[in-house]
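Participant:
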Amino acid sequence: MMDEDISPQSADELSPSTAEDSSPKTSEDMSPRNAEDLGAKCKESARDDNFYITSSIPDICKKQHCILGIDEAGRGPVLGPMVYGVCYCPKSKEDDLKETGCADSKTLTEEKRENIFEKICKHSEYIGWEVEVISPSIISTSMYRRQKISLNEISHNSAIGLLKRALDAGVLVTEVFVDTVGPAEKYEAKLKNIFPELSITVAKKADSTYPIVGGASICAKVTRDRALKTWTFSEIETMESWGSGYPTDPVTKKFLMSTMDPVFGFPKLVRFSWSTAEKILDEHAIQVDWEEEESSKGTQSVKTFFSPGDKKKHRFFKDRFLTNTVEL
Numbered sequence: 001m002m003d004e005d006i007s008p009q010s011a012d013e014l015s016p017s018t019a020e021d022s023s024p025k026t027s028e029d030m031s032p033r034n035a036e037d038l039g040a041k042c043k044e045s046a047r048d049d050n051f052y053i054t055s056s057i058p059d060i061c062k063k064q065h066c067i068l069g070i071d072e073a074g075r076g077p078v079l080g081p082m083v084y085g086v087c088y089c090p091k092s093k094e095d096d097l098k099e100t101g102c103a104d105s106k107t108l109t110e111e112k113r114e115n116i117f118e119k120i121c122k123h124s125e126y127i128g129w130e131v132e133v134i135s136p137s138i139i140s141t142s143m144y145r146r147q148k149i150s151l152n153e154i155s156h157n158s159a160i161g162l163l164k165r166a167l168d169a170g171v172l173v174t175e176v177f178v179d180t181v182g183p184a185e186k187y188e189a190k191l192k193n194i195f196p197e198l199s200i201t202v203a204k205k206a207d208s209t210y211p212i213v214g215g216a217s218i219c220a221k222v223t224r225d226r227a228l229k230t231w232t233f234s235e236i237e238t239m240e241s242w243g244s245g246y247p248t249d250p251v252t253k254k255f256l257m258s259t260m261d262p263v264f265g266f267p268k269l270v271r272f273s274w275s276t277a278e279k280i281l282d283e284h285a286i287q288v289d290w291e292e293e294e295s296s297k298g299t300q301s302v303k304t305f306f307s308p309g310d311k312k313k314h315r316f317f318k319d320r321f322l323t324n325t326v327e328l
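Quick note: the sequence shown uses the UniProt record's numbering, first residue 1, plus one each step.
#1: Among Thr209, Glu153 and Gly161, which one has its Cα closest to the Cα of Asn86?
#2: Measuring CB to CB, does Pro267 end up less than 9 Å from Phe233?
#3: Measure the alpha-carbon distance for Leu108 versus Ser208 and round it to whole angstroms.
#4: Where in the region 44-130 do unbroken runs of the alpha helix (DSSP H), each at least 4 residues long, occur, reported from the N-terminal end onward?
#5: Are Phe177 and Ile218 close, meaning C-beta to C-beta below 9 Å?
#6: Is the beta carbon of Thr252 sitting closer than 9 Å to the one on Val133?
#7: Just list the residues that DSSP pairs Ile280 with in beta bridges.
#8: Please report how far the alpha carbon of Tyr210 lies from the alpha carbon of Pro58, in whole angstroms.
#9: Is the region 197-205 touching the region 164-181, taking contact as three or more C-beta pairs under 8 Å?
#10: Tell me the residue span of the alpha helix (DSSP H) that contains Ile200.
#11: Terminal residues of the continuous beta strand (DSSP E) containing Thr323?
#12: Roughly how many angstroms lie between the CA atoms of Trp129 and Pro247, to the nearest whole one?
#13: Just to check my reading of the structure: Arg47 and Ser140 have Cβ atoms closer than 8 Å, yes? What is that Cβ distance to the nearest angstrom?
#14: So Leu228 and Gly76 are in contact, right, with Cβ under 8 Å, and what is the actual spacing, rounded?
#15: What is the DSSP secondary structure of Gly243, counted as helix, strand or coil?
#16: Go through its chain and collect everything with a Cβ distance to Gly265's Cβ below 7 Å, but skip five positions before and after it.
#17: Taking the straight line between their C-alpha atoms, what separation do you get for residue 331 and Leu256?
#18: First and last residue of the alpha helix (DSSP H) that includes Val251?
#19: Which stretch, first to last residue, makes up the beta strand (DSSP E) that contains Val263?
#20: Could you spell out where the alpha helix (DSSP H) holding Thr223 opens and where it closes?
If you want it as structure tokens, here you go:
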């Protein structure tokens, strides 16, 4: 049954009041039409920061109830970015979406993924998508912060941010399907608390079950592949193969060993917070011992504020003859 046209609501009604005005501003003429266009977008973007690549937003997606899928690519590798993607279309076009061949990107060859991505782009009259490319440097520094941000939290934040951006752009999302990160029940409850107005389903292997999640998976995977292919190094001159990028790959391990500087570590392509990279640094890099600076004379140590020593009473207590009550 065809979905009735519905006037788009305001962004405040569609998303939480805390959502920022970060609507995608990519024009139709600038939207990628194939994998080569994605590569060009990645090449012109700064690799130290996260960045978005966005399709044009179909008018029909602002008038009819839409389904939206969320998935990622590149969660496990020690090399390169992690990419999160969303794909959306009107619920009335779900059968048309299936005909594009959207499925779990991991089960498809690179050529097949790129062919399906091109089909998604050709059907821009009813399919929209967006990806966030999360820099390997951002991943590592987040995981090394004093208040560590786990990879799960980075993933959740990206998924939530992409969904908010779609809503803020006027996409009339009513149903959301997500490939889980961590326990599906907890993740689903978290999303429903943020987006209570939406019907949300979080499941394992959602990219194999729901074609709309498969579409998000395709967009994310093709983007990551092209981001790696167009990567330019500022730290090294050699361009040897790095294999699959996974820690267990011997070619990847060889690349890590050959590109490691004993003082400065790895090039920006490497997630240096991964245990594989940490082990190589521990075994082969120069050890640095950081000595604590001596406190300047007259400077009170922070520890004294937590010591149980004698403390002078404030004048407020003295004037009113107030004392501590030990027993009631």
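Every residue, glycine too, gets a C-beta built ideally from N, C-alpha and C. Since we're looking at a predicted model, the values are computed, not measured.
Facilitator: Concretely, from the data shown:
#1: Correcting the residue type first, residue 86 is Val in the shown sequence and not Asn. For Val86, the nearest C-alpha among the options comes from Gly161.
#2: Contact flag set, yes.
#3: 12 Å
#4: 94-98 and 110-122
#5: no
#6: no
#7: In DSSP, Ile280 forms no bridge with anything.
#8: 21 Å
#9: yes
#10: For Ile200, no alpha helix (DSSP H) run applies; the uninterrupted beta strand (DSSP E) run containing it begins and ends at Ser199 to Ala203, by DSSP.
#11: Thr323 -> no beta strand (DSSP E), and no H or E assigned at all.
#12: 30 Å
#13: Not confirmed; about 13 Å, so no contact.
#14: Wrong, their Cβ atoms sit about 14 Å apart, outside the cutoff.
#15: coil
#16: Counting only Cβ-Cβ distances below 7 Å, and skipping sequence neighbours, we find Phe272, Leu281 and Ala285.
#17: What is shown of the chain runs 1 to 328, which leaves residue 331 out entirely.
#18: Pro250 to Thr259
#19: Segment: none, Val263 is in no beta strand (DSSP E) and carries neither H nor E.
#20: Pro211 to Lys229
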